[in-house]
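*Asks:* Residue numbers (UniProt numbering): 1 to 502.
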Ligand code: SF4
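Spelled out as structure tokens, the structure:
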């Protein structure tokens, strides 16, 4: 049997005819009218209306709270993410994560339907926990919620207590939880809520006995390469560490022919011991706001939230902080890596200097990328952050204000990629940085796209490469400058400037 890919299949005559008939049947207006409106959406006048819209969001750069909670829970050893809510939501979280990581993603749902909406989700949770424990034998179940459970006001604490009292699950089984309503916040809020829920649960009642380790919190970071990279750097510095919510093996497992449901993740005893560390260093700020507050208040240890170590200055700052906190020196090997990263930037600098960029993504990633671009003389112009708040906005402007390359930068919080479309038509830029959904902007506006962020569905393996540290600088410079060069080749294809050397 020959199975034809849809890219080829839908080009066949019978499908083209069918599409045409469908278009004809649905025809809202003439082709001329469609073309006229399409052109109007590229104008200043439309931009004004677009930015005035309030009751509609189109292609937002954010996902649901529980998606972040599921990712966070997956980063703990032998842990099953359990979502109290409807099945469709959880299918979306799992498929979203699977499509990004190209890995199976384990998460269960309590399959709430209409009856639960009327009578509450207690029965679903009791049965769900019992089945999940019997079938998948986790060492920890981490519970989050969808909108449905939140709207009807399910009390997770009371439900879990009851499930234990009635013997649905063993009383000693750790079952941390987090309320993660998606009608507020985004995936980064859900990640934060879940991490706080897990850490506060595991360390409740533990008496702190300080040791010489440090904790690292990556935050909502979907680059498995980043976590491997930070561990490599800390090992080079001889720093004993625990990565809290370590998704590196879970979301990038080896294919050995045998499926292991619980591969990798932060060992639970290490997570319990994290209260004893000298300090916790977070590699993001906006995705761990509540967790940071909790650690500062409850653990009595130093807590530092750093900008993502992306680019030279952020990485310098990060490693210096680790060195200061632990008293360990930065070895020559890392200094050489720094030199190679600087060399890569210098090599590619002529093609990035003065280029104007549009960026869309999460707050921590955007701040990090702005910093890297300005280090190379790139000019961040449009910065769209659907899940950014006023603090992020202020921090982004302060960062832009530190460099002459930030002078044109404008930050848009709470805006989506349809807003960005208007910006790209009315104030064009040279390059666009964003996730796979930004490819529609590339299609509409022709602005070359560098895929950085989450989710990335339509390119493979990018998440396996670190974007942090000095190695990350080389990877990012590679992706950015080679996109510039691809575009240059495309534009010069039939000219004498179609050079073999760039
Ligand atoms: S917004 Fe709420 S209901 Fe919709 S998928 Fe997300 S969690 Fe489910």
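Glycine included, each C-beta is placed from N, C-alpha and C at the ideal position.
With a CB to CB cut of under 6 Å and the five nearest residues on each side skipped, what residues in its chain are close to residue 228?
*Replies:* 248, listed in sequence order.
*Asks:* Does residue 46 come out as helix, strand or coil in the three-state DSSP assignment?
*Replies:* Helix.
*Asks:* Which complete beta strand (DSSP E) runs does the segment 138-197 hold, if anything under 3 residues is left out?
*Replies:* You should have 140-145.
*Asks:* Expressed to the nearest angstrom, what Euclidean distance is found between the alpha-carbon atoms of residue 278 and residue 299?
*Replies:* Those two C-alpha atoms are separated by around 10 Å.
*Asks:* Around the C-beta of residue 419, are 16 or more other C-beta atoms found within 10 angstroms, so that it is buried, or is it exposed?
*Replies:* It counts as buried.
*Asks:* Given a cut-off of 9 Å on the beta-carbon distance, is the pair residue 97 and residue 111 in contact?
*Replies:* Their beta carbons are not under 9 Å apart, which means residue 97 does not touch residue 111 by this criterion.
*Asks:* List the endpoints of the continuous alpha helix (DSSP H) containing residue 474.
*Replies:* Counting along the chain, the alpha helix (DSSP H) containing residue 474 begins and ends at 469-491.
*Asks:* Candidates 264, 295 and 281: which alpha carbon is nearest residue 76's?
*Replies:* Checked all of 264, 295 and 281; the closest Cα to residue 76 is 264.
*Asks:* Just jot down, in chain order, the residues whose CB lies closer than 5 Å to any heavy atom of the ligand SF4.
*Replies:* In chain order, the qualifying residues are 64, 89, 146, 147 and 182.
*Asks:* Taking a contact to mean a Cβ-Cβ separation below 9 Å, would you say residue 453 touches residue 309 in this structure?
*Replies:* It is not a contact, given that the beta carbons lie outside the stated cut-off.
*Asks:* Going by DSSP, name the residue or residues bridged to residue 215.
*Replies:* Note: residue 215 sits in a beta bridge opposite 242 and 280.
*Asks:* To the nearest angstrom, how far is the alpha carbon of residue 154 from that of residue 120?
*Replies:* If I take the Cα positions, the gap works out to 7 Å.
*Asks:* Please confirm if the segment 246-261 is in contact with the segment 56-64, defined as three or more CB-CB distances below 8 Å between the two stretches.
*Replies:* No, they do not touch.
*Asks:* Please state the DSSP three-state secondary structure of residue 382.
*Replies:* Strand at residue 382.
*Asks:* Sort 433, 116, 456 and 459 by Cα distance to residue 447 and report the nearest one.
*Replies:* Comparing Cα-Cα distances from residue 447 to each of 433, 116, 456 and 459, the minimum goes to 433.
*Asks:* Can you list the beta strand (DSSP E) stretches of 3 or more residues lying completely in the segment 346-420, in chain order?
*Replies:* Those beta strand (DSSP E) runs which fall completely within the segment 346-420 and span 3+ residues are 356-360, 379-385 and 410-413.
*Asks:* On a Cα-Cα basis, can you pick out the residue from 18, 288, 395 and 378 that is closest to residue 431?
*Replies:* Looking at the Cα atoms, 378 is the closest of the given residues.
*Asks:* Please report the straight-line C-alpha distance between residue 128 and residue 100, rounded to a whole angstrom.
*Replies:* Straight-line Cα distance between these residues: approximately 27 Å.
*Asks:* Quick one: which unbroken beta strand (DSSP E) runs of 3-plus residues sit fully inside the segment 37-96? Chain order, please.
*Replies:* Listed in chain order, the complete beta strand (DSSP E) runs (minimum 3 residues) inside the segment 37-96 are 79-84.
*Asks:* Compare the beta carbon distance of residue 104 and residue 147 with 9 Å and say whether it is the shorter of the two.
*Replies:* Not closer than 9 Å, so no.
*Asks:* Ordered along the chain, which non-local residues of its own chain (more than five positions away) have a Cβ less than 6 Å from that of residue 150?
*Replies:* If we look at residue 150 and ignore the five residues flanking it on each side, its Cβ neighbours are 181.
*Asks:* For the beta strand (DSSP E) containing residue 305, name the first residue and the last one.
*Replies:* Residues 302-305.
*Asks:* With a threshold of 16 other CB atoms inside 10 Å of the CB of residue 501, please say whether the residue is buried or exposed.
*Replies:* The residue in question, residue 501, is exposed, as its Cβ has fewer than 16 Cβ neighbours within 10 Å.
*Asks:* On the DSSP bridge list, what partners appear for residue 108?
*Replies:* 82.
*Asks:* Below 8 Å, can you find three or more Cβ-Cβ pairs linking the segment 312-323 to the segment 286-301?
*Replies:* Touching, no, given that fewer than three Cβ pairs across the two stretches are closer than 8 Å.
*Asks:* Let me know the secondary structure DSSP gives residue 432 once reduced to three states.
*Replies:* Here residue 432 sits in strand by DSSP.
*Asks:* Take the Cβ of residue 144 as the centre, count every other Cβ of all protein chains shown within 10 Å, and call the residue buried at 16 or more, exposed below.
*Replies:* It counts as buried.
*Asks:* Using 8 Å as the threshold, is the segment 348-364 in touch with the segment 268-287, meaning 3 or more CB pairs across them?
*Replies:* These segments touch.
*Asks:* How would you write the range of the beta strand (DSSP E) that residue 263 sits in, first residue to last?
*Replies:* No beta strand (DSSP E) holds residue 263; DSSP gives it neither H nor E.
*Asks:* Assign residue 38 to buried or exposed, taking buried as 16 or more other Cβ atoms, counted over all protein chains shown, within 10 Å of its Cβ.
*Replies:* Residue 38 comes out exposed.
*Asks:* Helix, strand or coil: how does DSSP classify residue 464 here?
*Replies:* Of the three classes helix, strand and coil, the one that applies to residue 464 here is helix, per DSSP.
*Asks:* If you follow the alpha helix (DSSP H) that residue 21 is in, where does it begin and where does it stop?
*Replies:* Element bounds for residue 21: 13-26.
*Asks:* Since I believe residue 282 is in contact with residue 266 (beta carbons under 8 Å), could you give me their beta-carbon distance rounded to a whole number of angstroms?
*Replies:* Not quite, the Cβ-Cβ distance comes to about 14 Å (not below 8 Å), so this is no contact.
*Asks:* What do you get for residue 161, buried or exposed, if any count of 16 or more other CB atoms within 10 angstroms of its CB means buried?
*Replies:* Under this definition residue 161 is an exposed residue.
*Asks:* Taking the straight line between their C-alpha atoms, what separation do you get for residue 189 and residue 220?
*Replies:* About 9 Å.
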